[in-house]
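Comments concern the structure below.
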Ligand SMILES: Cc1cc2nc3c(=O)[nH]c(=O)nc-3n(C[C@H](O)[C@H](O)[C@H](O)COP(=O)(O)OP(=O)(O)OC[C@H]3O[C@@H](n4cnc5c(N)ncnc54)[C@H](O)[C@@H]3O)c2cc1C
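Written out as structure tokens, the structure is:
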């Protein structure tokens with residue numbers, strides 16, 4: 070039975086408790102691998118009867134902030150499968166275990182794009198419950214605000230379908246408020262009619278980072294909302310998993326994604342091209358063409374990261390970031406980046422969920438690979454230097470990017486936090502659901 074719980078003596082135990090950051094050692098009370106909403110309901114009911122809490126997890130991409138799971142039944146959702154794409158109405162319905170990589174190529178073949186994340190291995194459910202910042206976000210907003218219906222099992226073990234008309238407050242809370250309210254079993258969301266985009270990356274030698282990132286930063290001030298870009302410092306480790314010509318090399322990288330007419334995208338990218346990149350992959354591609362653009366590691370890895378939202382940073386902020394982790398700093402972080410946000414991400418759409426907007430103009434993120442425990446201290450040092458450089462321009466946090474327990478007040482206005490807690494008290498008064506970023510005070 071898929072509702073039988075795994076315990077530490079089961080042969081599947083270790084494979085079932087693994088997460089994306091292999092430095093984490095997740096030890097729940099028990100693990101369930103349900104394959105249907107009815108099985109999820111049975112697991113939730115059984116866990117409550119047994120005095121346990123319940124946590125839903127697919128990839129474990131955001132396992133770090135969960136803390137101890139000693140009193141928690143962990144529901145791994147990979148068995149909640151199923152993808153239906155409604156081409157005529159530009160929408161999709163997916164099981165809660167579905168990853169973006171299972172939707173983006175199929176949608177793309179039909180001339181449709183999704184507000185997906187930077188890597189195919191992110192699960193649509195966790196991503197959307199936490200907000201969802203895609204490369205189309207400046208034009209089309211947060212993914213959570215394109216979700217049209219959610220099916221979940223609540224703290225009574227009941228299966229609910231929530232949308233703008235049914236349980237509207239719960240529907241509001243789920244869209245950006247995270248996994249504190251139940252176990253989601255399926256989601257429905259809008260797709261974009263977008264057969265072609267103009268996108269790719271420009272690579273420059275790391276020594277040119279100052280010139281390139283300043284030029285990119287100035288350029289972002291004048292681009293339309295169809296254009297999203299990322300300014301990055303990258304140090305590829307000298308390991309066999311990294312292909313040539315990247316292995317062991319350092320670059321300043323600009324990623325550009327234009328979701329309008331490709332000819333207009335080409336014109337907009339021209340000033341960046343004039344800087345003379347050594348590699349240039351920017352081209353007209355179908356939406357599936359950017360699935361690996363961001364070069365996120367496809368497999369679980371040992372890592373430590375940090376992130377923050379910033380306001381409109383002055384040139385001095387770019388300089389401070391370069392001093393902290395740029396060429397000459399000795400930083401081995403694989404990535405230190407600023408992702409251009411703003412636009413539709415900073416305007417609340419009609420009927421928005423709990424995460425109505427993403428404050429700030431840029432999403433800063435840095436990550437280091439830690440294959441050896443001795444590298445943790447220097448990696449923490451570089452991450453701290455990155456934070457210190459950008460802190461004066463900080464504008465709050467985006468919880469999907471936060472690997473540490475984070476004060477909700479840094480991610481939402483005070484009235485939103487209060488409303489999320491009211492919804493939590495109403496739908497889960499006993500605090501059964503244990504989320505990575507809990508809503509309870
Ligand atoms: C390599 C990488 C790239 C990323 N790129 C982006 C990006 O471009 N844009 C962006 O916005 N984010 C991005 N993220 C962050 C990502 O959105 C979060 O880590 C998100 O939480 C992942 O969801 P998950 O379900 O895959 O992770 P999990 O760790 O499995 O789940 C995270 C949390 O989501 C909730 N949850 C998941 N499934 C359910 C469910 N069925 N029911 C109830 N709650 C549930 C739970 O609270 C859980 O603790 C990236 C992360 C990584 C590691």
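Numbering (this note's numbering), first residue to last: 70 to 510. Built from N, CA and C at the ideal position, the CB exists for glycine as well. Note that this is a predicted model, so its numbers are computed, not measured.
Residues of its chain near residue i, where Cβ-Cβ distance is below 6 Å and the 5 sequence neighbours each way are ignored
i	result
residue 417	425, 426
residue 349	271
residue 248	125, 198, 504
residue 189	169, 170, 360
residue 196	186
residue 151	164
residue 82	75
residue 286	387
Same chain, Cβ closer than 8 Å to residue i, neighbours up to 5 away in sequence not counted
i	result
residue 134	471, 472, 473, 474, 475, 505, 506
residue 139	96, 97, 98
residue 280	344
residue 191	128, 130, 168, 169, 185
Buried or exposed by the 16-neighbour rule on C-beta atoms within 10 Å, applied to residue i
i	result
residue 233	exposed
residue 466	buried
residue 78	exposed
residue 137	exposed
residue 223	buried
residue 96	exposed
residue 352	exposed
residue 495	exposed
residue 94	exposed
residue 101	buried
residue 308	exposed
residue 80	exposed
residue 497	buried
residue 478	exposed
residue 304	buried
residue 86	buried
Counterpart residues of residue i in DSSP-defined beta bridges
i	result
residue 372	438
residue 349	271
residue 450	Partner(s): none; residue 450 has no beta bridge.
residue 296	327
residue 141	122
residue 155	160
residue 301	322, 406
residue 379	431, 463
residue 232	218
residue 255	164, 220
residue 417	In DSSP, residue 417 forms no bridge with anything.
residue 261	182
residue 75	100
Among the options, the one whose alpha carbon lies nearest that of residue i
i	options	result
residue 379	210, 278, 463	463
residue 447	458, 459, 429, 398	398
residue 290	381, 235, 377, 312	381
residue 435	356, 429, 454	454
residue 156	259, 195, 444	259
residue 354	147, 180, 374, 310	180
residue 284	130, 346, 314	346
residue 439	275, 369, 292	369
residue 295	167, 280, 269, 333	333
residue 324	313, 316, 318, 342	342
residue 127	161, 116, 167	167
residue 109	172, 86, 227, 91	227
residue 209	493, 255, 263, 487	263
residue 376	445, 437, 86, 491	437
residue 330	268, 383, 306	268
7 Å CB neighbourhood of residue i in its chain, flanking five on each side removed
i	result
residue 203	184, 185, 186, 212
residue 112	72, 101, 103, 142, 144
residue 219	231, 240, 243, 253, 256
residue 121	98, 140, 141, 142
beta-carbon residue i near ligand 2 non-hydrogen atom, thresh 7 Å
i	result
residue 198	Absent from the structure shown: ligand 2. Ligands present: ligand 1.
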